[in-house]
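Contents: one structure, followed by commentary.
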Amino acid sequence: MSKVYRTGEVEVVALRDVDLDIARGEFIVLLGPSGSGKSTLLNILGGLDAASSGQVMFGDHNLSAAGEAALTEYRRDHVGFVFQFYNLIPSLTVRENVALVTDIVQHPMPVDEAIDRVGLTPRRDHFPAQLSGGEQQRVAIARAIVKRPEVLLCDEPTGALDYQTGKLVLEVIAHVNEEIGTTAVVITHNAAIAGMADRVVYLGDGRIQRIVRNEHKIRPSELSW
Ligand code: ADP
Ligand code: MG
């Protein structure tokens with residue numbers, strides 16, 4: 000699959016001949032310098048953007064042939080997104096922020112279960128402004144997983160957090176992957192994550208440079224918390 004952005008006369012090749020299979024339940028970390036195409040790849044996997052050529056398949060569904068309505072359905076029913084900024088609604092509590100999603104999906108998990116999975120039960124009646132950055136990001140993860148997505152896509156979820164807080168957020172994502180089997184693709188520069196992934200995919204200049212499989216991945220359940 001390739002992706003070319005055209006703005007007037009200017010062409011930017013964001014992805015070149017990317018060929019990647021991701022297995023159900025896998026935990027993939029995407030690494031690479033700024034501008035290497037990581038976000039472009041994640042957005043195409045999530046149906047937020049479309050490839051310029053080639054094919055993107057989700058199971059038997061050909062996303063590259065899907066129209067806007069089918070992509071909206073794919074995103075709503077199958078994909079959870081987590082971004083660098085938490086995009087929480089400030090006037091709603093933790094519970095209410097997570098509960099909003101459950102109105103538009105078919106088989107959500109109970110809101111309190113989603114909040115429990117990210118370790119925020121004691122804070123569920125608090126407002127975002129009463130939470131730290133790491134806690135707010137965990138609310139965003141709860142909001143992403145409450146719809147039981149098959150795929151969890153995270154674009155620099157630790158980008159605004161210090162190293163230790165970022166590590167905790169990544170451990171929460173690794174837990175979700177391990178316990179509910181959600182396929183996870185995570186872009187992060189936090190070095191703590193590499194050992195938790197099944198495979199680390201290195202992008203450079205829009206190409207996959209190498210893929211490293213962790214033979215002895217650290218299971219989040221082995222971690223101390
Ligand atoms: P990364 O996430 O690895 O930093 P991106 O996927 O955001 O990289 O960008 C890859 C390349 O594509 C960069 O050169 C970027 O400038 C370009 N690009 C990304 N989005 C657009 C867009 N909407 N229009 C034009 N160029 C874009
Ligand atoms: Mg990016």
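Here numbering that gives the first Met the number 0 is used: the first residue of the sequence shown is 0, the next is one more, and so on. A virtual CB, placed ideally from N, CA and C, is assigned to each residue, including glycine.
*asked:* With distance defined between alpha-carbon atoms, name the residue in Ala64, Val11, Val28, Ala22 nearest to Thr187.
replied: Val28
*Integer Cβ distance of Lys146 from Gly58, believed to fall under 8 Å*: Contact flag wrong, Cβ pair sits at about 17 Å.
*Range covered by the alpha helix (DSSP H) that runs through Thr39*: 37-44
*Quickly, what does DSSP pair Tyr4 with across the bridge? List them, please.*
Val11
*Touching by the beta-carbon criterion (3+ pairs, under 8 Å), the stretch 135-145 and the stretch 81-90*: yes
*Whole beta strand (DSSP E) elements within the stretch 107-143, 3-residue minimum*: none
*Would you mind giving the Cβ-Cβ distance between Thr39 and Ala13, rounded to the nearest angstrom? I have them listed as a contact below 8 Å.*
4 Å
*Let me know the beta strand (DSSP E) ranges lying completely inside the stretch 57-113, each 3 residues or longer, listed in chain order.*
78-81
*So who's on the other strand from Thr231, going by DSSP bridges?*
Past the boundaries of the shown model lies residue 231; the chain is included only from 0 to 224, so the question cannot be answered.
_Start-to-end residues for the beta strand (DSSP E) that takes in Gln208_ = 206-212
*asked:* Any heavy atom of the ligand ADP inside 7 Å of the beta-carbon of Tyr201?
replied: no
_Helix, strand or coil for Val200? Go by DSSP, reduced to three states._
strand
*Under 8 Å, do Lys166 and Ala191 count as touching if we go by C-beta distance?*
yes
*Enumerate in chain order the residues of its own chain whose CB-to-CB distance from Ser90 is below 8 Å, with the five nearest sequence positions on each side excluded.*
Phe126
_Limits of the unbroken beta strand (DSSP E) element including Leu47_ = No beta strand (DSSP E) contains Leu47, which DSSP labels as neither H nor E.
*Tell me where the beta strand (DSSP E) around Leu29 begins and ends.*
26-30
_Given a cut-off of 8 Å on the beta-carbon distance, is the pair Leu70 and Gly46 in contact?_
yes
_What does the Cβ neighbour count give for Glu178, buried or exposed, with the cut at 16 atoms within 10 Å?_
exposed
*Around the C-beta of Met56, are 16 or more other C-beta atoms found within 10 angstroms, so that it is buried, or is it exposed?*
exposed
*Does the Cβ of Ser63 lie closer than 7 Å to at least one heavy atom of the ligand ADP?*
no
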